[in-house]
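Visitor: Once you've had a glance at the structure underneath, I'll fire off some questions.
In this note's numbering, the protein residues as written are 1327 to 1650.
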């Protein structure tokens, strides 16, 4: 296939690199000329604007023309049209990019939004965009560059099927992605995924805080490693706990009690209230995250470091002399 990628930050570059490694042709653009040049060095064809990227896409994925027929209730032929993946920050940047794309797109084209957009915004964009719009929840972060992402996709079935070769490349493989349902459903599932992530991080943090403050002199790295070999609570997050204690020390060194983020968790709690579904664990984890901007606890210091582990988010640290 031929794929256009707009947004070449850490996540966008992974989309580029994994697509190239799978044999797909990639046209790449970023507002940063340096990021575009780096993608070109990796093998992508550089574009100097959104319009230039669209001009460079020939509108064919090299298929056999056997895609769904519009008259039969499907979509345009899956071998026709441009295939474009957006990996830009959620919010205004998505709308601005879509506005730039609008003159160059038609109903045979497919646009994938791989950022953490709110699902209602994705529904709005799908209705307003001439091209087929796929909202793609992306999990795994930069740490999944080698193994691939988990992708939760919402939008027209024909457009999802047209993107399967690239989805296979960007995800961990065929089992690493699926169509969740209609427009908005991909980002909806990813929103709830992030709420679950909050609760899991909080549970690990509280458990290790009790161990650290409890009656025995314990090695946190050893406990994390032991738990992660056969225990019921083994997981990738627990592997990241082990990494955090190995690299920061048994007391997490100067890692601050300040857990950033919170938007997707807030959306999850708001949706739970609207649907009258109780989510006390997710709500409690979100409240702890907000409270971390005021006080100091070991559990939240571990959550701070875990965000670096899976997403390479900056680790807030105590300034010299601040930590008692």
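Here a beta-carbon is modelled for each residue, glycine too, at the ideal position from N, C-alpha and C.
Check for me: the beta strand (DSSP E) holding residue 1355 runs from which residue to which?
Guide: Here the beta strand (DSSP E) through residue 1355 covers 1351-1355.
Visitor: With distance defined between alpha-carbon atoms, name the residue in 1576, 1481, 1371 nearest to residue 1436.
Guide: Nearest of 1576, 1481, 1371 to residue 1436, Cα basis: 1481.
Visitor: Taking the runs of the beta strand (DSSP E) that are 3 residues or longer, which of them lie wholly in the stretch 1571-1625?
Guide: Whole beta strand (DSSP E) segments, 3+ residues: zero.
Visitor: Please give me, in chain order, every unbroken run of the alpha helix (DSSP H) with length at least 4 that falls completely inside the stretch 1518-1561.
Guide: Listed in chain order, they are 1546-1553.
Visitor: Let's test the definition: count the other Cβ atoms within 10 Å of the Cβ of residue 1332 and tell me whether it reaches 16, buried, or not, exposed.
Guide: Burial call: buried.
Visitor: Specify, as a first and last residue, the run of the alpha helix (DSSP H) that residue 1341 falls within.
Guide: Residues 1336-1347.
Visitor: Roughly how many whole angstroms lie between the Cα atoms of residue 1338 and residue 1410?
Guide: Roughly 12 Å between the two C-alpha positions.
Visitor: Compare the beta carbon distance of residue 1346 and residue 1373 with 8 Å and say whether it is the shorter of the two.
Guide: Result no, Cβ atoms of residue 1346 and residue 1373 do not sit closer than 8 Å.
Visitor: Output the distance between the C-alpha atoms of residue 1593 and residue 1586, rounded to the nearest integer angstrom.
Guide: Cα to Cα, the separation comes out at about 15 Å.
Visitor: Do you know offhand how far residue 1286's Cα is from residue 1549's?
Guide: A query on residue 1286 cannot be resolved here, the shown segment of the chain reaching from 1327 to 1650 and no further.
Visitor: Check this for me: beta carbons of residue 1503 and residue 1477, under 8 Å apart or not?
Guide: Yes, the pair counts as a contact, with Cβ atoms nearer than the cut-off.
Visitor: For residue 1462, which residues does DSSP report across the bridge?
Guide: In the DSSP output, where bridge partners are listed per residue, residue 1462 has 1479.
Visitor: Only counting the same chain, and skipping five residues up and downstream in sequence, which positions put a Cβ closer than 6 Å to that of residue 1486?
Guide: Correct list, in chain order: 1479, 1505.
Visitor: Looking only at its chain, what residues have a beta carbon closer than 6 Å to the beta carbon of residue 1491, apart from the 5 residues adjacent to it on each side?
Guide: Closer than 6 Å at Cβ, skipping near neighbours: 1327.
Visitor: Grouping DSSP H, G and I as helix and E and B as strand, with all else coil, what is residue 1328?
Guide: Residue 1328 falls in the strand class under three-state DSSP.
Visitor: Assuming contact is defined by CB atoms lying nearer than 8 Å, are residue 1613 and residue 1605 in contact in what I supplied?
Guide: No.
Visitor: From the DSSP output, in three-state form, read off residue 1413 for me.
Guide: In the structure shown, residue 1413 sits in coil (DSSP, three-state: anything other than H, G, I, E or B).
Visitor: Could you check if residue 1356 belongs to the surroundings of the ligand FAD, using beta carbon to heavy atom distance under 7 Å?
Guide: For the structure depicted, the ligand FAD is absent and the ligand set is empty, with no information on it obtainable.
Visitor: Please name the residue in 1551, 1362, 1629, 1457 whose C-alpha comes closest to that of residue 1429.
Guide: When only C-alpha atoms are compared, the closest one is 1457.
Visitor: Which residue marks the beginning of the alpha helix (DSSP H) containing residue 1451, and which one marks its end?
Guide: Here the alpha helix (DSSP H) through residue 1451 covers 1445-1454.
Visitor: Quick one: what's got a C-beta closer than 8 Å to residue 1609's C-beta in the same chain, skipping five residues either side?
Guide: Correct list, in chain order: 1595, 1598.
Visitor: Please state the DSSP three-state secondary structure of residue 1497.
Guide: Strand, per DSSP.
Visitor: Could you tell me if residue 1543 is buried or exposed, where buried requires 16 or more neighbouring beta carbons within 10 angstroms of its beta carbon?
Guide: Residue 1543 comes out exposed.
Visitor: Find out if the Cβ-Cβ distance for the pair residue 1538, residue 1527 is shorter than 8 Å.
Guide: Cβ atoms of residue 1538 and residue 1527: not closer than 8 Å.
Visitor: For residue 1281, count the other beta carbons within 10 Å of its own beta carbon; 16 or more makes it buried, fewer makes it exposed. Which is it?
Guide: What is shown of the chain runs 1327 to 1650, which leaves residue 1281 out entirely.
Visitor: Alpha carbon to alpha carbon, how far is residue 1584 from residue 1349? Give it in angstroms, no decimals.
Guide: So the two alpha carbons sit approximately 42 Å from each other.
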